[in-house]
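Residue numbers (the working numbering): 199 to 1143.
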């Protein structure tokens, strides 16, 4: 300090002697820190793959301390460690005449030149006495070197990152290699999963992957941001790929209530269903935060899902119940969510399976702002002329549709609310503007510290105010019972409210597929094949979905959504529904004695036991098949089998049959039954509708005639009519079948006599969609009959592809004709395009035959007919070259000459039916089924109205 004062005094005296003006005291310049920085590489030269270290030395030559000292390094080094507090918000303090040295280490990002550089900079919160030395650079030599990157990508089935015995390479996986300056190379793995790059300049490369469907490459270090270091001596690598869990592990999550109080506890049920053939072990849950929502977090109350993991057995379901506290900030949003990913620890996030459940809480008073803008000039820049001011809007409750505020956008296009309970509100524009997005506008209202992130911007365009008046559905679902036995029919009640401002037309139910285990067999008015339901604005309606399960695993789940036919509803994201119930599998038995009634007296006499006859049961829930043979006294017994409906089959000698094809097994052991076999051919049956056509709502009458040509009375005769297709096929369980009802005791047809019955059934909308009503009935004793009647009026479109069966290529420029079944007249015709695609437009709903004109033979036809008000594009007609098929529209003299009789041509007509197998029907029934199965794989598109 004495030296400093002396120097200052000398300066002052000199100035006074020379008569110079005296400046401020020297402390204004001298009492400052003077930071200096130096940087040095730890070596003189490197190859691109080396780890690199530099020493950063910071000194303060000034007389006062420097606070908030920060340092930065640029150049060719990516620093990974060593900064200490030099890059923290507060920085570090360097005392006067003190020195701070740190060693930074990392890798080179640019390894393609002949040298590498590092430029250091230092700064502090105060001014610096000599800022020129606050920057320093150094360099080192880069030695050219090359290496390779090669190895295998393998299917890591157990996700342990080790290529175990039996785990093979994954073919057709794309690997993209990106060098330090953005250069790109790409290869694809071969059939053994092998790949190779090289030679490559030594260095660190980014890796990106694109695996086959349902596979995610886990990478050497990370699935999303992977890298590899290529060195001169790099060994071959093994890179794991794991299956996407959501292909076989499905998650459903349910809160036990729709709304909770802040500070309470929410009961969350997590259902994990494994449809694969191997166990999933070590499954844990992670529930990251979701923007705009309070989030449920995973904690000790989650048990094994939080730590240690749980096991979901192959082809099994595990159910977990979590008592989760309502998040502390739920009232600030008015809602909270459990948005969770499930998978083994360390499993790539993109390969996990996800589930989500939401609930509401009473919201605290909050604020929200939305700005309406337009971009009339399309320049992507919002200027003063793009602000949509003075537009009246209505803010409505998202659950009830009730108005909560009327606002007008201000000069900057903003509409703002303050003091509304926190939640997300619907916004309807009442001015001559419409949102560009089809799903409408919503206004998030958030309370407290979270409100700063709530502002949103919405683009609008000129339009009529009534365009904003649209339906808006809210759906809730619940099973009618919390618990079922597996063999029961299950009913789900949907409560649907249209809180919008226009009627919803043609509302239909669509199932989401993988998450659902309920097989919806009757959707009533909501059937996706029907015209749909109408729900007026402001109205609430209830609907029932009815179905069953085929393979219960402790629970039954139904998920889906509702949509109007026109697709013009707003806020469709919350039109979905989900519900679950528990399921118990009951077990029981079926036993009896089989005899052949040779004398026709209806009694099992001595010597009439049928011995060694194969007996089979197929059905139950879960669905299984069981077989055995009758013993020396004609007895059989199936013990401890799942309850449910079964088809029973007896392999009898020729000319014998039994009147027993279906049965129901209930819980517990049932009393033994006696099964009577009689000689076939004694019973004849015929059925006929009393009219050729019907309309929806009519009562269709069917005349049934039964004749017994044998010498013994036939007892227990009843109808079993196969109902395969959405109720256009008559069900013999309807009350209109009277004494012939399929699950009743049946009637007696005396020997040598006949009987006539009148049965009836209502014509449903499904028959209109399919264009016809049909009955396919088995009366037992070898008697079967079929009848149909039209239900006209519906029009539909049907299309698909005409392809060669031998190479799957489309057949272009070929005429195709729809004809009435059985060689009837042409109804519609078309010509395939360049890809082999064809369309039959505006065809009456019904079943048809397909004909391909020209030198083609039809070898297969997935041809589901024409459905009313539905666009079908799933026809697939397969052909191979064959004899020329004549054009039915051509005049007789234009048809080609007939084929040589010695080599008859192939069949011309392909019946428009799907494969009909596995229904346990007589051959003549299966052969006669036309247009009876519309499978879940068909893409059904309800026509917009």
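Glycine included, each C-beta is placed from N, C-alpha and C at the ideal position. Fair warning: this is a prediction, and the values are worked out from it, not measured in the lab.
With distances taken between CB atoms, is the gap from residue i to residue j smaller than 8 Å?
i	j	result
residue 328	residue 232	yes
residue 447	residue 472	yes
residue 708	residue 758	yes
residue 1067	residue 1008	no
residue 907	residue 880	yes
residue 487	residue 534	no
residue 894	residue 961	yes
residue 728	residue 421	no
residue 698	residue 768	yes
residue 781	residue 754	yes
residue 521	residue 459	no
residue 676	residue 777	yes
residue 1071	residue 998	yes
residue 878	residue 979	yes
residue 977	residue 915	yes
residue 241	residue 338	yes
residue 376	residue 403	yes
May I ask you to list the residues that DSSP assigns as paired with residue i?
i	result
residue 1055	1078
residue 1013	1029
residue 485	The partner list for residue 485 (beta bridge, DSSP) is empty, contrary to what the question assumes.
residue 827	812
residue 972	927, 986
residue 413	441
residue 626	592
residue 695	672, 738
residue 834	790
residue 702	733
residue 253	238, 301
residue 978	981
Tell me which residues share the same chain as residue i and place their Cβ nearer than 6 Å to its Cβ, disregarding the 5 neighbours each side in the sequence.
i	result
residue 519	467
residue 904	883, 947, 953
residue 928	919, 959, 973
residue 995	1039, 1069
residue 1139	Because the pLDDT at residue 1139 is just 39, under 50, the model does not fix this residue reliably, and the value given afterwards should be weighed accordingly. Only 1069 meet the Cβ criterion.
residue 317	272, 273, 335
residue 479	509
residue 1101	Residue placement at residue 1101 is flagged as unreliable, the pLDDT there being 38, under the threshold of 50; the coordinate-derived value follows with that caveat. There are no such residues.
residue 739	694, 733
Identify, in the order they occur along the chain, each residue of the same chain with its Cβ nearer than 8 Å to the Cβ of residue i, setting aside the five sequence neighbours on each side.
i	result
residue 369	387, 388, 389, 390, 391, 410
residue 875	792, 793, 794, 795, 808, 848, 850, 854, 855, 856
residue 397	344, 345, 346
Just to check my reading of the structure: residue i and residue j have Cβ atoms closer than 8 Å, yes? What is that Cβ distance to the nearest angstrom?
i	j	result
residue 496	residue 483	5 Å
residue 595	residue 584	Not really, about 30 Å apart at Cβ, beyond 8 Å.
residue 432	residue 346	6 Å
residue 515	residue 679	The pair is not a contact, with the Cβ atoms about 19 Å apart (cut-off 8 Å).
residue 324	residue 400	Incorrect: roughly 44 Å between the Cβ atoms, too far for contact.
residue 841	residue 865	5 Å
residue 892	residue 971	6 Å
residue 1165	residue 289	Look at the range of the chain in this structure, 199 to 1143, and you will see that residue 1165 is not part of it.
residue 275	residue 250	6 Å
residue 654	residue 669	The pair is not a contact, with the Cβ atoms about 23 Å apart (cut-off 8 Å).
residue 606	residue 590	5 Å
residue 784	residue 756	With a Cβ gap of about 21 Å, residue 784 and residue 756 do not count as contacting.
residue 762	residue 702	4 Å
residue 549	residue 427	Not quite, the Cβ-Cβ distance comes to about 25 Å (not below 8 Å), so this is no contact.
Closer than 7 Å by C-beta to residue i: which residues in its own chain qualify, once you throw out the five before and the five after it? Chain order, please.
i	result
residue 1083	1049, 1050, 1051, 1052, 1054, 1106
residue 956	899, 901
residue 1077	1000, 1002, 1003, 1009, 1050, 1054, 1055, 1056, 1057
residue 332	233, 235, 319, 320, 321, 326
residue 1026	1016, 1038, 1041
With hydrogens ignored, establish whether the beta-carbon of residue i is closer than 7 Å to any heavy atom of the ligand ADP.
i	result
residue 404	Absence of the ligand ADP from the depicted structure is noted, as is the absence of any ligand whatsoever, leaving it without description.
Notebook entry, point to check: Which runs of the beta strand (DSSP E), 3 residues or longer, sit entirely within the region 633 to 669?
Noted result: 639 to 643, 654 to 660
Notebook entry, point to check: Taking only runs of the beta strand (DSSP E) that begin and end inside the region 713 to 783, which ones reach a length of at least 3 residues, in chain order?
Noted result: Entirely contained in the region 713 to 783, the beta strand (DSSP E) runs reaching 3 residues are, in chain order, 717 to 720, 731 to 733, 738 to 746, 753 to 761, 774 to 782.
Check: Which parts of the region 366 to 410 are runs of the beta strand (DSSP E), unbroken and 3 residues or longer, counting only runs that do not cross its ends?
Finding: 372 to 376, 382 to 386, 392 to 399, 401 to 408
Notebook entry, point to check: Which full runs of the beta strand (DSSP E) of 3+ residues lie inside the region 285 to 341, going along the chain?
Noted result: 290 to 292, 297 to 306, 313 to 321, 333 to 340
Item checked: Completely contained beta strand (DSSP E) runs for the region 503 to 589, where each covers 3 or more residues -> 508 to 510, 514 to 523, 533 to 542, 551 to 558, 563 to 571
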